[in-house]
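Read through the structure below, which is laid out as structure tokens, and then see the notes.
The following block contains the structure:
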């Protein structure tokens, strides 16, 4: 008897279908961002602001759908099958580290004013402090899983050796673990979105177009590299070299 509920295949399939469509829409947004960047001298701030709002909404949609999936199976979002192994090497708590935002700004925006630099410096400190807090919380959760009583229940469950009463106990432990993990992912995603929103508030519309272009290009570049690595691995496996 198992205390763990298997992932809902319909929920997983629905999310993967959503994600493929999301990537297509991301390509379209990148085209718009690049066009606006090239013609920024002809664009009105209101037009750029409207585009920026749509791009941010696009990313927010991803986090909303991801939250729904995490509610069904939070452990899956920690090792998402819709990302390649290479992409996952960049992840921190089921997604990119929020502080990466500031590296992108520094690389893409070279005309920051002193006041903008000051405000961004404050955001950097606040964001890194929250990252440390979340990292410590996740470490505590992981340590609790490795504690002898829980680890023994998991091992015995894997061998099918739990009795009815133990299944109830293990189920309660597992549910508490699931809730804790879901909470950490939710807070990490909130920090990611909130950091981006605060950066957008600091930058001008033209600067934001450059920032969002760089962020989108980096994400797409990492994905392409990941897919190429997977293709190369499959090709090498089929060649008899290994």
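Residue numbers (my numbering): 1172 to 1413.
The beta carbon of each residue, even a glycine, is placed where N, CA and C say it ideally should be.
Thinking C-alpha only, which one of 1358, 1368, 1403 and 1380 is nearest residue 1303?
-> The shortest C-alpha separation from residue 1303 is found at 1358.
Quick one, which of 1280, 1353 and 1395 has its alpha-carbon nearest residue 1246's?
-> For residue 1246, the nearest C-alpha among the options comes from 1353.
For the alpha helix (DSSP H) that contains residue 1193, what are its first and last residues?
-> Annotation: the continuous alpha helix (DSSP H) that includes residue 1193 extends over 1180-1209.
Close-in-space but distant-in-sequence residues of the same chain around residue 1249 (CB under 7 Å, 5 per side omitted) = Correct list, in chain order: 1265.
Through-space distance from residue 1284 to residue 1293, alpha-carbon basis | Between residue 1293 and residue 1284, the C-alpha separation is close to 14 Å.
Near residue 1291, what residues of its chain come up, given a Cβ to Cβ distance below 8 Å and the 5 sequence neighbours on each side ignored?
-> For residue 1291, where only same-chain residues beyond five positions count, the Cβ hits under 8 Å are 1273, 1276, 1283, 1370 and 1373.
Express the C-alpha separation of residue 1289 and residue 1394 in angstroms, rounding to a whole number.
-> Their backbone Cα atoms lie some 33 Å apart in a straight line.
Please name the residue, chosen from 1196, 1382 and 1309, that lies closest to residue 1348 on a Cα-to-Cα basis.
-> Minimum Cα-Cα distance from residue 1348 among the listed residues 1196, 1382 and 1309 corresponds to 1309.
Closer than 8 Å by C-beta to residue 1280: which residues in its own chain qualify, once you throw out the five before and the five after it? Chain order, please.
-> If the five residues before and after residue 1280 are omitted, its C-beta is found closer than 8 Å to the C-beta atoms of 1374, 1378, 1381 and 1382, all from its own chain and listed in chain order.
If we count the other Cβ atoms within 10 Å of its Cβ and call it buried at 16 or more, is residue 1384 buried or exposed?
-> By the 10 Å Cβ count, residue 1384 comes out buried.
Please work out which residues of its chain come closer than 8 Å, Cβ to Cβ, to residue 1182, disregarding the five sequence neighbours upstream and downstream, and give them in chain order.
-> Within the same chain, 1239, 1240, 1243 and 1244 come within 8 Å of residue 1182 by CB-CB distance, once the 5 residues on both sides are set aside.
Can the beta-carbon of residue 1388 be found closer than 8 Å to that of residue 1201?
-> In this structure, residue 1388 sits near residue 1201, with a CB-CB distance shorter than 8 Å.
Rounded to whole angstroms, how far is the Cβ of residue 1269 from the Cβ of residue 1392, which I believe are closer than 8 Å?
-> That pair is no contact at about 19 Å.
Taking only the alpha-carbon atoms, compute the straight-line gap between residue 1376 and residue 1214 and give it to the nearest angstrom.
-> Going from the Cα of residue 1376 to the Cα of residue 1214 covers about 10 Å.
Buried or exposed: residue 1386, going by 16 or more other Cβ atoms within 10 Å of its Cβ?
-> So residue 1386 counts as buried.
Residue range of the alpha helix (DSSP H) that residue 1239 falls in?
-> Secondary structure note for residue 1239: its alpha helix (DSSP H) is the uninterrupted segment 1216-1249.
Taking the C-alpha atoms as reference points, what is the distance between residue 1221 and residue 1315?
-> Distance between the alpha carbons of residue 1221 and residue 1315 is about 46 Å.
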